[in-house]
Amino acid sequence: MTNIFNKRSSWVLPYFIFMVLFVVLPLVLIGFYALTDSNGHFTLSNLAAFFTDAKIINSFLVSMEVALENTIICILIGYPVAYILADKDLNKSAVTALLFILPMWINALMRTLATAEIFNTLGIQLGKGTLLFGMAYDYLPFMIYPIYNVLNKMDKSYAEAAQDLGASPMTVFTKVTLPLSMPGILSGVLMVFMPTVSTFAVSEILTNNTIQLFGSVIQEQFYNLMWNQGAALSFVMLIIIGITMYISPDKDEEAEGGLI
Amino acid sequence: MNKENVIINIEHLSKSFGDKKVLDDINFYINRGEFITFLGPSGCGKTTMLRIIAGFLNADSGRVTMDGNDLNGVPPHKRPLNTVFQRYALFPHLDVYDNVAFGLKLKKMPDDEIATKVSKALKLVSMTDYEDRDVNSLSGGQQQRIAIARALVNQPKVLLLDEPLAALDLKMRKDMQIELKEMHEKLGITFIYVTHDQEEALTLSDTIVVMNEGKIQQIGTPTDIYNEPVNSFVADFIGESNILNGTMIEDRKVNFIGHDFDCVDEGFGENVPVDVVVRPEDIYILSNLDAAQFVGTVQTCIFKGVHYEMTVLTDEGFELMIQDYNSFEVGSKVGFLIKPNDIQVMKKERTCNTFEGEMTSEESVEILGVEFDCGVREGLEKGDKVKVEVDFNKIDLQDNLDEGETNGSISFILYKGNHYHITVRTEEGFKVYVDTNDIWDKNDIVGIKIAPADMRITKISE
Chain Y
1275 MTNIFNKRSS WVLPYFIFMV LFVVLPLVLI GFYALTDSNG HFTLSNLAAF
1325 FTDAKIINSF LVSMEVALEN TIICILIGYP VAYILADKDL NKSAVTALLF
1375 ILPMWINALM RTLATAEIFN TLGIQLGKGT LLFGMAYDYL PFMIYPIYNV
1425 LNKMDKSYAE AAQDLGASPM TVFTKVTLPL SMPGILSGVL MVFMPTVSTF
1475 AVSEILTNNT IQLFGSVIQE QFYNLMWNQG AALSFVMLII IGITMYISPD
1525 KDEEAEGGLI
Chain D
10 MNKENVIINI EHLSKSFGDK KVLDDINFYI NRGEFITFLG PSGCGKTTML
60 RIIAGFLNAD SGRVTMDGND LNGVPPHKRP LNTVFQRYAL FPHLDVYDNV
110 AFGLKLKKMP DDEIATKVSK ALKLVSMTDY EDRDVNSLSG GQQQRIAIAR
160 ALVNQPKVLL LDEPLAALDL KMRKDMQIEL KEMHEKLGIT FIYVTHDQEE
210 ALTLSDTIVV MNEGKIQQIG TPTDIYNEPV NSFVADFIGE SNILNGTMIE
260 DRKVNFIGHD FDCVDEGFGE NVPVDVVVRP EDIYILSNLD AAQFVGTVQT
310 CIFKGVHYEM TVLTDEGFEL MIQDYNSFEV GSKVGFLIKP NDIQVMKKER
360 TCNTFEGEMT SEESVEILGV EFDCGVREGL EKGDKVKVEV DFNKIDLQDN
410 LDEGETNGSI SFILYKGNHY HITVRTEEGF KVYVDTNDIW DKNDIVGIKI
460 APADMRITKI SE
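Going down the list, the sequences are from chains Y and D. Numbers given in our numbering equal positions in the first sequence, counted from 1, plus 1274. Numbers given in our numbering equal positions in the second sequence, counted from 1, plus 9.
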């Protein structure tokens, strides 16, 4: 008698079940809830709310703005940090790189609560500024790491070849190092921008709920048992993420971003 | 040396990485338009020297001058020379045209002039019509050509090439060698070439600089270096050779492998130990034993395409390598002849190990950074500075490191016909030379043992 568990291909079964349970099924559920009303009848009104409800549109635009600003801040701070970490003359120990990744080991919510507490103690008014600070603090490692990874693996001879051909150190950076590290930057942008749009707790804690991000709106709807409306907004969110992934350049083997 | 003709002059150049001395007081000059090759095994310092000339590394001491100007402190982008890198280093984000035009664009040259120069450079390397290609889509050989075009388009006075053909397959390498040689003749600029491939160096170069362990061993034309190696390292590294211990009996007469031979060398003195080099193709092998200078038996015979390569054992017990167009049956008795012209006699660098040390008690001496038992020595006391001499064959190498007083790794092995001459480098950086019949491999770690009776200790008078 042949036992199907002896077949090599059947080893994939546990992973298949896992994927169905935790990836496919939730997606199907989101789609289902998004396209039905509370009685289970098909409707597009939940989705239409995204385009008509002023509060939702507003929070979405604010989210995009905050995400854009956060991404730019993360690039501006993260790139130089990654550059220094990857430069073997400037950074002689691997421990320094670890130090920047270390905050990721602490729960983001706890870090955010602590940050808010520090602002309160210092008497700084919570608002947009503190929100951006907290966001950058949370997401900076996600920007540093892929850029560091690309720079670290980059063959030094590219920079040397450029120098050899007459490029000053500044030109070497703008004409060779920066273009070659673009895959890392793009990877970082993907990992900072979209998660920022969908955050909710951070904005609540760091702005005292004065700024509502898209993620908070979704969370609020689920909290108020508006499953279908919440699912519809999540659905929109997923489509936007999908589009961003799609339009970002293909990742061939040269362009390794590191984390994804 | 004609000063007018010298383009690069290197004086007292030294460089260390940590404790390791990579370049040790290098002096030489390069003539305008010369094809010069730095040749040596990996780690000999040849690439370091090239990188110092290119400006990617700074020397610890000494200087490099180009056309009389000191290059010290001049950054690479301001040096009038260009490099072809070992793994090409073509910019992956630019196409072929932009790679080649990179240097010209930085000079803010007008676009039409750049276009003309780029197409001329691509024509030189036979890569016309490849302008729009992505560099990653090119084969290794094609990338190599683009790398050469990218360097040459800037019209450097000197072109540096760092093992440019190492990554290509044999056939491609041979073709590129011919093309490089032609390019050099056509352009008339100076080529500085780095390789570990002696055949490549012999084929391409006007001048070869043979390097080992940070020192120049010999500078000369390919024929000089092949026919008249100055020491056993060069003889061993360049081509195949039989390197043997010999004794210079008098001028034009040398004894080795148990026979006296006429040679053409003079001025060594009488009864002086020397190293003798005979190339395998220079030993004539005959079936007529009566006409021979010495006789032996064929041990192996391998067909190598053009010639046969044979190892023979002489009746006196020396193993020799011979190349001949005719094959001789294994086991057959044959005779040999060597012409006086084909015997290269070299001064021995040393005839025994000489260590400087200090007596640590009446019966122990510190040499090679450790204490050796030397037996009771009359007339020597603790603290005396001494010179200790040990014959090559009196040093005992041990597999078991604990049995040695100190240990080291085998850095160079030379077969001398009936024994191996081995260089052992101790952890402290001392070199110990050993004659042995045991077979060791390069980089083996061995224990070093010296019997007390084998040390000749003399006090150094201060």
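For every residue, glycine included, the Cβ atom is placed at its ideal position computed from N, Cα and C.
Annotation: the segment 103-134 of chain D contains the following complete segments of the alpha helix (DSSP H) (minimum length 4 residues), in chain order: 105-115 and 120-133. Closest in C-alpha terms to ARG159 of chain D, from the list D:SER128, D:LEU177 and D:LYS396, comes D:SER128. Under the three-state reduction of DSSP, THR74 of chain D is assigned to strand. Of D:SER341, D:ASN240 and D:ARG154, the smallest CA-CA separation from MET136 of chain D is found for D:ARG154. Interface flag for LYS55 of chain D against chain Y is unset, since no Cβ pair is found closer than 9 angstroms. Under the three-state reduction of DSSP, GLU365 of chain D is assigned to strand. Distance from the CA atom of GLY1462 of chain Y to the CA atom of GLU1434 of chain Y, rounded to whole angstroms, is 26 angstroms. Selection Y:THR1445, Y:ALA1436, Y:PRO1415 and Y:GLU1391 evaluated against VAL1355 of chain Y yields Y:PRO1415 as nearest (Cα-Cα). For THR204 of chain D, no chain Y residue has a Cβ inside 9 angstroms of its Cβ, as the nearest lies near 18 angstroms away. Interface flag for SER1431 of chain Y against chain D is set, since a Cβ pair is found closer than 9 angstroms. Assigned with DSSP and collapsed to three states, LEU66 of chain D falls in coil, not helix or strand. As the crow flies, the alpha-carbon of GLY229 of chain D is around 5 angstroms from that of THR216 of chain D. Between the segment 132-149 of chain D and the segment 52-71 of chain D, the count of Cβ pairs shorter than 8 angstroms is below three; the stretches do not touch. Around the beta-carbon of LEU406 of chain D, 16 or more other beta-carbon atoms lie within 10 Å, marking it buried. Interface criterion not met: the Cβ of PRO1377 of chain Y is under 9 angstroms from no Cβ in chain D.
Listed in chain order, the non-local C-beta contacts of SER370 of chain D below 6 angstroms within the same chain comprise LYS391, local neighbours out to five positions each way being set aside. About 6 angstroms separates the Cβ atoms of LEU1400 of chain Y and PHE1393 of chain Y, confirming a contact at the 8 angstroms cut-off.
Taking the Cα positions, LEU1425 of chain Y is about 39 angstroms away from ASN1482 of chain Y. Taking 9 angstroms as the CB threshold, GLY1440 of chain Y lines the interface with chain D. Between the alpha carbons of VAL105 of chain D and LEU59 of chain D lies a gap of roughly 26 angstroms.
With 16 or more other Cβ atoms inside 10 Å of its own Cβ, ARG288 of chain D counts as buried. At the C-beta level, ASN251 of chain D and MET319 of chain D stay beyond 9 angstroms of one another. Interface flag for THR1445 of chain Y against chain D is set, since a Cβ pair is found closer than 9 angstroms. PRO173 of chain D sits in coil when the DSSP states are folded into three classes, being neither helix nor strand. Less than 9 angstroms divides the Cβ of LEU170 of chain D from the Cβ of ILE201 of chain D. Along the segment 1382-1424 of chain Y, the alpha helix (DSSP H) occurs as fully enclosed runs of 4 or more residues at 1382-1396, listed in sequence order.
Taking 9 angstroms as the threshold, the shortest C-beta distance from PRO84 of chain D to chain Y falls below it. Within chain D, the residues whose beta carbon sits less than 7 angstroms from that of ALA1435 of chain Y are PHE94 and ALA98, listed in sequence order. For the alpha helix (DSSP H) assignment, the uninterrupted runs of no fewer than 4 residues enclosed by the segment 214-254 of chain D are, from N- to C-terminal side, 231-236 and 241-246. Within the DSSP bridge table, the entry for MET330 of chain D names D:THR320 as partners. The beta carbons of GLU365 of chain D and ILE376 of chain D sit closer together than 9 angstroms. ARG88 of chain D is classed as buried because its beta carbon has at least 16 other beta carbons within 10 Å across all chains shown.
By the CB criterion at 9 angstroms, GLY1403 of chain Y and ASN163 of chain D fall outside the cutoff.
ASN163 of chain D reaches chain Y at LEU1439 and GLY1440, counting residues in chain order whose Cβ is nearer than 8 angstroms.
The beta carbon of PHE65 of chain D sits closer than 9 angstroms to some beta carbon of chain Y.
With contacts defined as CB atoms closer than 9 angstroms, ILE448 of chain D and GLY417 of chain D fail to qualify as a contacting pair.
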